[in-house]
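Numbering (our numbering), first residue to last: 67 to 301.
From the three backbone atoms N, C-alpha and C, an ideal C-beta is built for every residue, glycine too.
Quick notes on the structure that follows.
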C-alpha cells in the first residue's frame with residue numbers, strides 16, 4: 067500500500083528539464099582536459115626543478131602543455147591558439163624571410179619604375195598571394211596539431227592501443243610522442259621548425275596549404291623577375 071502511495075507521489079511530481087545554463091554546469095562538461103605530456107617534465111615541474119628558458123619569459127602568461135604554449139583556450143582547456151616549441155624560429159626567420167623577399171620584389175620590380183616598367187596591376191595579384199601565405203602559416207603554427215589526452219584505462223590496451231612510457235598513457239596507432247613538444251600527438255608526422263610546431267592530424271591540411279602556397283609565391287616571384295629582366299633587355 068505504501069509503495070503504491072510513494073509511486074503515485076513520484077508520478078504526480080512535475081517533470082523538470084535542465085536549462086541550457088544548467089547543462090553547461092554539469093561536472094562532465096566542466097572537466098578540463100588532461101593532456102599526455104612528458105611524465106619527466108611533470109615531475110620536474112612538481113618538484114620545482116624545471117629550468118627557465120626563453121619560453122619562460124616570452125610565454126609567461128600562457129598555459130604550458132609540455133613544451134607548447136596555449137595562448138587562448140576553450141572552456142574545457144582545449145587550445146584555441148597555441149605556440150609550438152620552435153616559435154622563435156618561425157617569428158624571427160620564416161616571417162621576415164617571406165616579408166623581405168616579397169617586399170623586395172614588390173618595390174624594386176613593380177612599384178619603382180626606375181628599375182622596371184612592369185604594370186601596376188601585378189600588385190593586385192602579388193599582395194593577396196603574400197597575405198594568403200602568411201594566413202596559411204598562421205593556421206599551421208597557431209593551431210592544435212592534435213594533442214591527445216592521457217588515457218590510463220587498461221581497456222584501451224585491449225582495443226589495439228599501445229602503452230607509452232614517456233607520457234604514462236595509452237596511445238592509438240599513429241599517435242607518437244614528440245620529444246621537442248613534450249606531448250603525445252595524434253597522427254604525428256614531423257616537427258617543422260619553419261612553422262614553429264609539430265605537424266599532426268589537426269593541422270596537416272593547413273600545412274599542405276602552406277607548402278603549396280609558398281611554392282606558388284616563389285614561382286610567381288621568379289616569373290616577375292624574369293619578366294623584369296626581359297623587359298630591361300628589350301628596352
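Taking just the CA atoms, how far does residue j sit from residue i?
| i | j | result |
| --- | --- | --- |
| residue 156 | residue 164 | 11 Å |
| residue 113 | residue 243 | 23 Å |
| residue 129 | residue 138 | 9 Å |
| residue 88 | residue 236 | Because the pLDDT at residue 88 is just 42, under 50, the model does not fix this residue reliably, and the point stays unresolved. |
| residue 251 | residue 220 | 20 Å |
| residue 257 | residue 208 | 14 Å |
| residue 95 | residue 142 | Unreliable positioning characterises residue 95 in this predicted model, as indicated by a pLDDT of 48, which lies under 50. A coordinate reading is not provided. |
| residue 231 | residue 254 | 17 Å |
| residue 185 | residue 177 | 9 Å |
Considering residue i, what are the terminal residues of the beta strand (DSSP E) in which it resides?
| i | result |
| --- | --- |
| residue 135 | 134–139 |
| residue 243 | 242–244 |
| residue 170 | No beta strand (DSSP E) contains residue 170, which is instead part of the alpha helix (DSSP H) from 161–171. |
| residue 147 | 145–149 |
I need the boundaries of the alpha helix (DSSP H) containing residue i, first residue and last residue.
| i | result |
| --- | --- |
| residue 251 | Element bounds for residue 251: not the alpha helix (DSSP H) but the beta strand (DSSP E), 249–251. |
| residue 258 | Where residue 258 is concerned, there is no enclosing alpha helix (DSSP H), although the beta strand (DSSP E) it sits in stretches over 256–258. |
| residue 129 | Counting along the chain, residue 129 falls outside any alpha helix (DSSP H), though it belongs to the beta strand (DSSP E) covering 129–131. |
| residue 105 | 105–112 |
| residue 193 | 189–207 |
Kindly indicate which residue of the options has the alpha-carbon position closest to the one of residue i.
| i | options | result |
| --- | --- | --- |
| residue 150 | 203, 220, 194 | 203 |
| residue 241 | 266, 220, 289 | 266 |
| residue 145 | 166, 231, 99 | 99 |
| residue 262 | 193, 159, 109, 187 | 159 |
In terms of DSSP beta bridges, what is residue i paired with?
| i | result |
| --- | --- |
| residue 230 | 235 |
| residue 264 | 257 |
Determine, using beta-carbon pairs with one atom in the region 266–275 and one in the region 199–216, whether at least three such pairs fall under 8 Å. The region 266–275, when compared against the region 199–216, does touch it at the 8 Å Cβ threshold.
Do three or more CB pairs link the region 96–114 to the region 131–148 at distances below 8 Å? Enough Cβ pairs lie closer than 8 Å, so yes.
Are the region 280–299 and the region 169–178 touching, with three or more C-beta to C-beta distances below 8 Å? These segments touch.
How about the region 273–288 and the region 184–203: do they share at least three Cβ pairs that are nearer than 8 Å? Counting Cβ pairs under 8 Å, three or more are found: they touch.
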